[in-house]
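Enquirer:
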Amino acid sequence: MKNLKLLSTFLLVLCSHLIFSQQKSNDDTLNFKGDNSKRNLKEKITVFTGNVSLSSKSISFENAEKVIVDEKANEVKIYKPQNFKIIHVEGLSKTGKNPEDVIIYNTKTKIVSI
Numbered sequence: 004m005k006n007l008k009l010l011s012t013f014l015l016v017l018c019s020h021l022i023f024s025q026q027k028s029n030d031d032t033l034n035f036k037g038d039n040s041k042r043n044l045k046e047k048i049t050v051f052t053g054n055v056s057l058s059s060k061s062i063s064f065e066n067a068e069k070v071i072v073d074e075k076a077n078e079v080k081i082y083k084p085q086n087f088k089i090i091h092v093e094g095l096s097k098t099g100k101n102p103e104d105v106i107i108y109n110t111k112t113k114i115v116s117i
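For the sequence shown, the residue numbers in the numbering used here are 4 to 117.
#1: Just mark I117 as buried or exposed, buried being the case when its beta carbon has 16 or more other beta carbons within 10 Å.
#2: Under 9 Å between the Cβ atoms of S96 and I81?
#3: Which whole-angstrom value describes the C-beta separation of K88 and S63, a residue pair presumed to lie in contact below a C-beta threshold of 8 Å?
#4: Is it buried or exposed for I106, if we count other Cβ within 10 angstroms and need 16 for buried?
#5: Alpha carbon to alpha carbon, how far is E68 from T49?
#6: Apart from the five residues just before and just after E65, which ones in its own chain have a Cβ nearer than 6 Å to its Cβ?
#7: How long is the line joining the alpha carbons of S58 and G94, rounded to whole angstroms?
#8: Taking G99 as part of the beta strand (DSSP E), name the residues at either end of that continuous run.
#9: What are the partner residues of A67, as DSSP defines its beta bridges?
#10: Out of K45, N39, S61, K47, which one is the CA nearest neighbour of G53?
#11: I think T32 touches N77, with their Cβ atoms under 8 Å apart; what is that distance to the nearest whole Å?
#12: Between the Cα of T112 and those of S61, V70, K41, spot the shortest distance and give me the residue it belongs to.
Laid out in structure tokens, this is it:
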């Protein structure tokens, strides 16, 4: 009887925790600011130029020369950013190129390639 009470208490605590806990949001909204932007709806590509900045849950930077957002490839290509910060990503890979040339952030896999 004691084991049954212990088991039922454990299940009650576990179930209430699962029912009332908030689900983790997987939404990583990318907030861009820049002097100019051009959008190609057919190709699903947006190009930001001139002092581009980004803030998100994963990465942030300021004053990039240019940023290309390719929604089909799930990529954000960042050219010459300043104050580039990695906040939380799933992985980091090195391309062997100069990091000042381009940094690529994959929005699907949450991997930064430098």
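All C-beta atoms, glycine included, are put in the ideal place defined by N, C-alpha and C.
Expert: Once the coordinates are examined:
#1: Reading the sequence shown from its first residue, position 114 is the one you call residue 117. When all chains shown are included, I117 counts as buried.
#2: Against the sequence shown, residue 96 aligns to sequence position 93. Against the sequence shown, residue 81 aligns to sequence position 78. No. Outside cutoff.
#3: Taking the first residue of the sequence shown as 1, we reach residue 88 at position 85. Taking the first residue of the sequence shown as 1, we reach residue 63 at position 60. Indeed, because the Cβ distance is near 5 Å, the residues count as touching under 8 Å.
#4: By 1-based counting over the sequence shown, the position of residue 106 is 103. Buried, since its Cβ has 16 or more Cβ neighbours within 10 Å.
#5: The count along the sequence shown starts at 1 and reaches residue 68 at position 65. The count along the sequence shown starts at 1 and reaches residue 49 at position 46. Approximately 14 Å, taken between the alpha carbons.
#6: Position 62 of the sequence shown holds residue 65. S56, Q85, N86, listed in sequence order.
#7: Numbered from 1 along the sequence shown, position 55 holds the residue referred to as residue 58. Numbered from 1 along the sequence shown, position 91 holds the residue referred to as residue 94. About 18 Å.
#8: On the sequence shown, position 96 is the one that residue 99 refers to. Segment: none, G99 is in no beta strand (DSSP E) and carries neither H nor E.
#9: Walking along the sequence shown from the start, residue 67 turns up at place 64. In DSSP, A67 forms a bridge with V55.
#10: To locate residue 53, count along the sequence shown from 1; it is residue 50. It is N39.
#11: Taking the first residue of the sequence shown as 1, we reach residue 32 at position 29. Taking the first residue of the sequence shown as 1, we reach residue 77 at position 74. Not confirmed; about 15 Å, so no contact.
#12: Working through the sequence shown from its first residue, we reach residue 112 at position 109. Measuring from the Cα of T112, the nearest candidate turns out to be S61.
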